[in-house]
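Contents: one structure, followed by commentary.
There are 2 protein chains.
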Amino acid sequence: MMVHPWKIIEDTFIPERVKAAESLFSIGNGKMGQRANFEEAYSGETLQGSYIGGVYYPDKTRVGWWKNGYPEYFAKVLNSAFWIGIDVKINGETLDLHTAKVIDFYHELDMQHGVLTRRFTAELSNKIKVAVEAVRFVSITRTGLGAISYTVQALNSAADIEITPFTDAGVKNEDANYDEKFWDFVFQSATPDHSTIVMQTKKTGFPVCWHSNYVLLLDGNPVEHAFVPVEKTAWAGASAKVKVRKNEKVTLYKYTGITNLQNRNTADLATAAKGIADNAKETGFLRLKEEQAGAWQEKWRHCDVEIGGDEKAQQGVRFCIFQLLQTYTGEDPRLNVGPKGFTGEKYGGSTYWDTEAYCLPFYLSTAGDEVARNLLLYRHSQLPQAIDNAKKLGFTDGAALYPMVTMNGEECHNEWEITFEEIHRNGAIAYAIFNYIRYTGDRDYLSTHGLEVLIGIARFWAQRITWSEERGKYVMLGVTGPNEYENNVNNNWYTNYIACWCLRYTKESMEWVRQNHAACYDEIIKKTHFDELNEWAQWDDITTKMHFPRHEKLNIFLQQDGYMDKEQILVKDLDSAQRPLNQKWSWDRILRSCFIKQADVLQGLYFFEDDFDEDAIRRNFHFYEARTVHESSLSPCVHAVLAAKIGDMDKAYEMYLRTSRLDLDDYNKEVGEGLHITSMAGSWLAVIQGFAGMRVRDGQLTFNPRLPKHWTHLAFNVNFRGEIVHCKFD
Amino acid sequence: MMVHPWKIIEDTFIPERVKAAESLFSIGNGKMGQRANFEEAYSGETLQGSYIGGVYYPDKTRVGWWKNGYPEYFAKVLNSAFWIGIDVKINGETLDLHTAKVIDFYHELDMQHGVLTRRFTAELSNKIKVAVEAVRFVSITRTGLGAISYTVQALNSAADIEITPFTDAGVKNEDANYDEKFWDFVFQSATPDHSTIVMQTKKTGFPVCWHSNYVLLLDGNPVEHAFVPVEKTAWAGASAKVKVRKNEKVTLYKYTGITNLQNRNTADLATAAKGIADNAKETGFLRLKEEQAGAWQEKWRHCDVEIGGDEKAQQGVRFCIFQLLQTYTGEDPRLNVGPKGFTGEKYGGSTYWDTEAYCLPFYLSTAGDEVARNLLLYRHSQLPQAIDNAKKLGFTDGAALYPMVTMNGEECHNEWEITFEEIHRNGAIAYAIFNYIRYTGDRDYLSTHGLEVLIGIARFWAQRITWSEERGKYVMLGVTGPNEYENNVNNNWYTNYIACWCLRYTKESMEWVRQNHAACYDEIIKKTHFDELNEWAQWDDITTKMHFPRHEKLNIFLQQDGYMDKEQILVKDLDSAQRPLNQKWSWDRILRSCFIKQADVLQGLYFFEDDFDEDAIRRNFHFYEARTVHESSLSPCVHAVLAAKIGDMDKAYEMYLRTSRLDLDDYNKEVGEGLHITSMAGSWLAVIQGFAGMRVRDGQLTFNPRLPKHWTHLAFNVNFRGEIVHCKFD
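For the protein sequence lines, the chains are R and D, in the order given. Going by this note's numbering, the first residue of the first sequence is number 1, and it counts up by one from there. Going by this note's numbering, the first residue of the second sequence is number 1001, and it counts up by one from there.
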């Protein structure tokens, strides 16, 4: 993988790396995305993936041993029709890089312009050498458009070239729990001009239409009446046979319109998809590509981060920003930021606490208040499901527990130690409201939407704690903190802290709304049957009498009760052959070790830094960083920000590279499954909050830049309260 | 269900209770067993079940989220061919109690003689009334023989009766993880005289042969050449049509030989099965039945428990003894006592810690030393797998962790909180060696087999503990005690206690073998690479510095660290609508509550009663009994024994009825899935160790009888060191 400030480049064909490259070179537009699968046939190892935002399948839950409270299904990100397909035969032999001899190969993702290019020369068994150039993008200006230019040239002889653009809707998910297909076939047609396929998801009944048309050129000149339609089950395309002379170029333009609006009937979808494809054909590939390039440059104008003197760091951060922009645009409040975005199936669902804890600040600063607000509205709209979820577990009176993983507000996750216990997520959702208001100044959001969510969350905490007669303190039993290498612990410091913060912040917010929006306030009180006297008194009691585990001698907060009973070994003393622990050790061993998967106490110090002095942060940082293996993608960014804060710039830089180049350098040996999209927002945080030290205090942007020594400068734009602020630090 | 001292009787046909009765009226002979499914067609709700000891299928593990260390498969108790099948048509209409009008019905399991009888009168849609008597047993004298007598009589008219005995091998398991069939078809034949089917389990390749022959009588006179063979896929039988006059009786005798010896080829199996069936036919049904009755009476001579003045209690204990004797005979050391025996599929596997903790004392006292010794040899033979299992989790140097569930020594269970954490099972396996020696006096067992097992187990504990620098104590992190309503706790008192006991007992045993069998000792030391100096020193250090959680003020042992942080509610204050908790509450709520599923601290006080004074037992009993919901079948028996010990006879009697009539009275609303076989041994313990107060002290049987007031007497026989001891208490 070459280092380049604006591009991801691979200039060698390595079959073992094909899946990794498919992830890394993924393209998307916030509504849909496509892994960098090859257009032509490929018989080697591959993960075909084409994903459409909001189109999911509720796959029947698979567990070993059912526990009361488990969800019935896990909402899967759906692999949908392979619309990029272009079969190529040269003198009757299928072009396939797995069987051909690859002579040279070049793969480029141009992040500045949002275009994917692949060029190669290959020799087939029949000794014909061909050169191919494939260029494609999914448009960010024309929703639902995918465009491909595919050029084939026979280099050493004349040849018969057969080229067959197609859409194959007979696809499956690799992660299907019961090996089912998730799609029902609805309709298809194929003519010499176009193909149309309509499929509908099982159970959820989401219809999707793919409509493609084609243009064929021979050395730049249109070939008329070239195509003959071809159809199979849930597979439609057209085939053209062309006799070419040596070095003559055949170019296919394929324009595909993809529509999936849930509120249209299938006929409308097909008309809309045809419209998109036909307009594109009329516009032409080169002009479309210019449009795309212009739109991407405009995007970058708002959110580029320029790092001088460090191309690896530069490429890393731009890759993260590019992928985030491809995943979520904030235009549709029903969508969210999936952990793998549109780059893989793993983890299912679209929404984790990653959104609130990591992604929100990125979108606030790069995309503006409205986009960020849509992320909050998403959770607001799902408050009823969060209340139902809590009720299912035995909570009452409007307590809300937001799901660990969701598509539509319902919980999908089915490990008890996560689903029922990783409840700190509820805190992050409240924190996001605070964070949004701090950044935007839009405190009125409380009265229109925020307060109801806060009340539901606060009520959950008020019921989730237990009064320990024994200690004369409130305790929080049976939780899993952000560090998932511990389960079912008591008094996770971070969870206890954010729970108390939620109670205080909710009460403050209620008081503010009462004073400033009295009518709204009364309505909310009525709607939630809120009992000011008793509920507030109980909240106050909890926040003043909560137990927070700490170690007096070391003067640090303790991750949880009993943490110091563990054998205290440092990560630096771990044999590297034992890493990553999650691949090398049994779960039993991991659970009993002191090693931390992900920032836990430090996550709390990061969120609530103003509550602690720098020495406290330093002491805890040194203690916990030495025990953290960062086997969650969400971990190093928080350590990077805190390390910069306490002036440990070597550590900050190490953590920054780890987060920003996690996928590019494949730290976790799993990039083939898809990219770690949500943690990419953390990489941005590491630069902006870490190295630039950006904070909002009293409605003002403040900076405290501390750059790694070898960086010549750091420049970026942030969107703050409607203005683009240009920042540059030397 | 009628109360009767020797019989289980049901005299009404209740369709909703058919599955329950199928479990309760199950018959078996320690090698195989058969649920009380009807011979003739039944289209209502049923769980067909026919099981063969040692014949299992390794069903691919199903989990939601894989954890390192999980087993690849779960060994399932296999539903095998339905060999009891007899289709009956009356004037062309199939006899089926689900569709016919049932006029009277009588179902009887004669536990004294080991025979199942069912009689009914039914009217078909065609208005023919028939009376049927079906009698069957699986022989305990002739291994592999099942015999059925089936008589049909038309009561109100002449009729054409078609009677078709068959074996249907096309069966499935309800609990198959992936809805697969577990059997491959090998061979079948059907002639007018007999049918043969050979099937083989997938993956494990266990062949099983079923060979049936038939005799047809009309009013007691043989009908020659009555049968015409009938075959379908994996289904073989024969059909006879008889014209009967009103009240004339047609009787079918069906003899089935079932062979499954793993070391024979399939041809031998078929010859053997034919031999069994043919010999039976020659002997005749009535003589076979006499044989069976005599053999059962002989069994009862050794192990009957007679309770005077309380028929419910009497029936309960005999039912438990009968089912235990049907499940395990101790003749084949490859077999064990499955939690559902041969009465259902649930729980899979054949061996849990139930065997050592509950069943061993029963078989010691009722079946003799050899049978009990076979239970120990079973674990000894699986020591290599236990060492592998521990290695897989990261333990070294011959540490052994016996599996939670197994068929062949390999772990099957796949919940991390059980599989990796419910390690107290290892202690029970060591305790069984101690218990066996205490009862039999056979201390030499240590030198030949026991010591190696003890060393493996002791080494596991020595590695499983953690030195807490903080406390200056050893701790045991991340365990699940017998109370599975808590997971991943620290310092479960029972686990810590039995671990230390294992270390001490192993060292003592080593010293004894060194002194008494020096050559053996040297060999074991060499084989296990045992380092006396260092390992013993470490064990001593652990046993002297182990942390045992206790509550000073209440002067009780604490179930685990932090137990008193829970909200302390008593079971008596629980709304009965909330019970059983495992059906009414979310897992989240159960885990955080103080309610205990199963004796935990009390299990330790039961095992090691001599280490504690009676006051300590009383204090702990009152504290924990008040918090125990007994939602495990293994719980009430331990409470019954302890309650009797401390003189709380009302509680002891309540617990005794709960354990002994658990299935008869269906306390847990789940008897349709099968019986709780292993807990039945606990019922026996409740009588013998509880009410009779039987103990072995210094090689002597001692008694301390305390009977419930209304019992006129308690009499039983125990087998002690080769003698049958007759005990009677008034």
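A virtual CB, placed ideally from N, CA and C, is assigned to each residue, including glycine. Source: prediction; values computed, not measured.
C-beta neighbour in chain R for residue i, strict 8 Å
{"i": "D/Phe1353", "result": "A quick correction: the sequence has Trp, not Phe, at residue 1353 of chain D. Not one chain R Cβ lies under 8 Å of D/Trp1353."}
{"i": "D/Lys1289", "result": "no"}
{"i": "D/Ser1586", "result": "yes"}
{"i": "D/Gln1112", "result": "no"}
{"i": "D/Phe1548", "result": "no"}
{"i": "D/Asn1739", "result": "In the structure as shown, chain D begins at 1001 and stops at 1730. Residue 1739 of chain D is therefore absent and cannot be evaluated."}
{"i": "D/Asn1487", "result": "yes"}
{"i": "D/Phe1013", "result": "no"}
{"i": "D/Phe1420", "result": "yes"}
Beta-carbon separation (whole angstroms), residue i vs residue j, contact threshold 8 Å
{"i": "R/Asp561", "j": "D/Gly1562", "result": "6 Å"}
{"i": "R/Lys101", "j": "R/Ala122", "result": "6 Å"}
{"i": "R/Pro482", "j": "R/His424", "result": "6 Å"}
Strand pairing of residue i, partner residues [DSSP]
{"i": "R/Asn91", "result": "DSSP output for R/Asn91 lists no bridge partner at all."}
{"i": "R/Ala134", "result": "R/Arg118, R/Tyr150"}
{"i": "D/Ala1240", "result": "D/Ile1163, D/Phe1227"}
{"i": "R/Cys751", "result": "Look at the range of chain R in this structure, 1 to 730, and you will see that residue 751 of chain R is not part of it."}
{"i": "D/Gly1308", "result": "D/His1713"}
{"i": "R/Phe729", "result": "R/Leu714"}
{"i": "R/Ala190", "result": "R/Ser195"}
{"i": "D/Ile1542", "result": "None, per the DSSP bridge assignment."}
Short CB-CB distance (under 8 Å) between residue i and chain D
{"i": "R/Gln538", "result": "no"}
{"i": "R/Glu415", "result": "yes"}
{"i": "R/Lys166", "result": "Contrary to the premise, residue 166 of chain R reads as Phe rather than Lys in this sequence. R/Phe166 does not count as touching chain D."}
If contact is defined by three or more beta carbon pairs under 8 Å, each pair taking one atom from either stretch, is the segment 128 to 142 of chain R in contact with the segment 46 to 62 of chain R? no
Cβ contact check for the segment 349 to 359 of chain R and the segment 309 to 321 of chain R: 3 or more pairs under 8 Å: Flag = no, the segment 349 to 359 of chain R and the segment 309 to 321 of chain R do not touch.
Would you call the segment 1155 to 1167 of chain D and the segment 1236 to 1246 of chain D touching, i.e. three or more CB-CB distances under 8 Å? Touching, per the Cβ criterion.
Under 8 Å: do the segment 1109 to 1117 of chain D and the segment 1211 to 1225 of chain D share three or more Cβ pairs, one atom per stretch? no
Closer than 8 Å between beta carbons: that is the criterion. Which residues of the segment 455 to 485 of chain R meet it against chain D? Hits within the stretch, in order: Thr466, Trp467, Ser468, Glu469, Glu470, Arg471, Val475, Leu477, Gly478.
Segment contact flag, the segment 22 to 31 of chain R with the segment 323 to 331 of chain R, C-beta cutoff 8 Å, min 3 pairs: yes
Residues of the segment 1059 to 1087 of chain D whose Cβ lies closer than 9 Å to any Cβ of chain R, in chain order: When C-beta distances to chain R are compared with 9 Å, the residues of the segment 1059 to 1087 of chain D below that value are Thr1061, Arg1062, Val1063, Gly1064, Trp1065, Lys1067, Asn1068, Gly1069, Tyr1070, Phe1074, in chain order.
Between the segment 1375 to 1397 of chain D and chain R, which residues of the former have a C-beta closer than 8 Å to a C-beta of the latter? Lys1392, Leu1393, Gly1394
With a cut-off of 8 Å, do at least 3 Cβ pairs link the segment 633 to 641 of chain R to the segment 673 to 688 of chain R? Three or more beta-carbon pairs drawn from the segment 633 to 641 of chain R and the segment 673 to 688 of chain R are found closer than 8 Å, and the two stretches are therefore classed as touching.
Are there three or more Cβ pairs, one per stretch, closer than 8 Å when the segment 1647 to 1664 of chain D is compared with the segment 1582 to 1599 of chain D? no
Which of the residues in the segment 684 to 700 of chain R, read from start to end, lie with their CB under 9 Å from any CB of chain D? In summary, no residue of the segment 684 to 700 of chain R has a CB separated from any CB of chain D by less than 9 Å.
Between the segment 1552 to 1570 of chain D and chain R, which residues of the former have CB atoms less than 8 Å from a CB of the latter, in chain order? Asp1561, Gly1562, Met1564, Asp1565, Lys1566, Glu1567, Gln1568
Stretch pair the segment 472 to 491 of chain R + the segment 397 to 414 of chain R: three plus CB contacts closer than 8 Å: No: the two stretches stay apart, fewer than three of their Cβ pairs being nearer than 8 Å.
Mind listing which residues of the segment 1590 to 1601 of chain D have their C-beta closer than 9 Å to chain R's C-betas, in chain order? Of all residues in the segment 1590 to 1601 of chain D, the ones placed with a Cβ closer than 9 Å to any Cβ belonging to chain R are Ile1590, Leu1591, Arg1592, in chain order.
Can you list, in chain order, the residues of the segment 608 to 634 of chain R whose Cβ is nearer than 7 Å to any Cβ on chain D? none
Give, in chain order, every residue of the segment 490 to 513 of chain R whose Cβ lies closer than 8 Å to some Cβ of chain D. Asn490
Are there three or more Cβ pairs, one per stretch, closer than 8 Å when the segment 1359 to 1366 of chain D is compared with the segment 550 to 560 of chain R? no
Taking 8 Å as the threshold, find out whether the segment 1076 to 1089 of chain D comes into contact with the segment 1345 to 1354 of chain D through three or more Cβ pairs. yes
Is there contact between the segment 424 to 440 of chain R and the segment 371 to 386 of chain R, where contact requires at least three CB pairs shorter than 8 Å? yes
When the Cβ atoms of the segment 433 to 449 of chain R are set against those of the segment 495 to 512 of chain R, are three or more pairs found closer than 8 Å? yes
Does the segment 716 to 725 of chain R come close enough to the segment 1002 to 1011 of chain D to have 3 or more Cβ pairs within less than 8 Å? no
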